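Since the structure comes first, as structure tokens, the remarks are kept for the end.
Residue numbers (the numbering used here): 1171 to 1303.
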């Protein structure tokens, strides 16, 4: 049994690769990722949280963030475990600020369009008002 757990890469063989589809790819979920990566100084374990529609997009966010913050290449990152977590289980503040139903985003630069083509003009005498406070 010990031989099956500790296996070298050269003795193993990839039999099949399947993408696991998301059950509901239209609702935003909180994803937790446990990973380890090799840096220039050593091997580190990490726990990260992301808000995304699918697990694949959360993993993509993780790879780009690890490349930006830690200069970690994808070949040096190993994902240990992934999980979907609820709003009450979120630990990180950058994900916590988007939990709950009362999340509002400002609309800072709105351009009012003409309601129909006959009202639309090619040239205007004044600049459009884009800020409505």
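Glycine is no exception: its CB is placed at the ideal position from the N, C-alpha and C atoms.
Small disclaimer: the values here were computed from a predicted structure and weren't measured.
So who's on the other strand from residue i, going by DSSP bridges?
{"i": "residue 1219", "result": "1202"}
{"i": "residue 1214", "result": "1207"}
Check for me: the beta strand (DSSP E) holding residue i runs from which residue to which?
{"i": "residue 1254", "result": "1247-1255"}
For the alpha helix (DSSP H) containing residue i, name the first residue and the last one.
{"i": "residue 1237", "result": "1225-1240"}
{"i": "residue 1265", "result": "1263-1266"}
What is the C-beta distance between residue i and residue j, in whole angstroms, given that I count them as a contact (C-beta under 8 Å)?
{"i": "residue 1256", "j": "residue 1200", "result": "7 Å"}
{"i": "residue 1218", "j": "residue 1205", "result": "7 Å"}
{"i": "residue 1266", "j": "residue 1260", "result": "5 Å"}
{"i": "residue 1207", "j": "residue 1247", "result": "5 Å"}
Is the segment 1271-1288 touching the segment 1229-1236, taking contact as three or more C-beta pairs under 8 Å?
no
Stretch pair the segment 1240-1250 + the segment 1289-1299: three plus CB contacts closer than 8 Å:
no
Taking the runs of the alpha helix (DSSP H) that are 4 residues or longer, which of them lie wholly in the segment 1258-1298?
1263-1266
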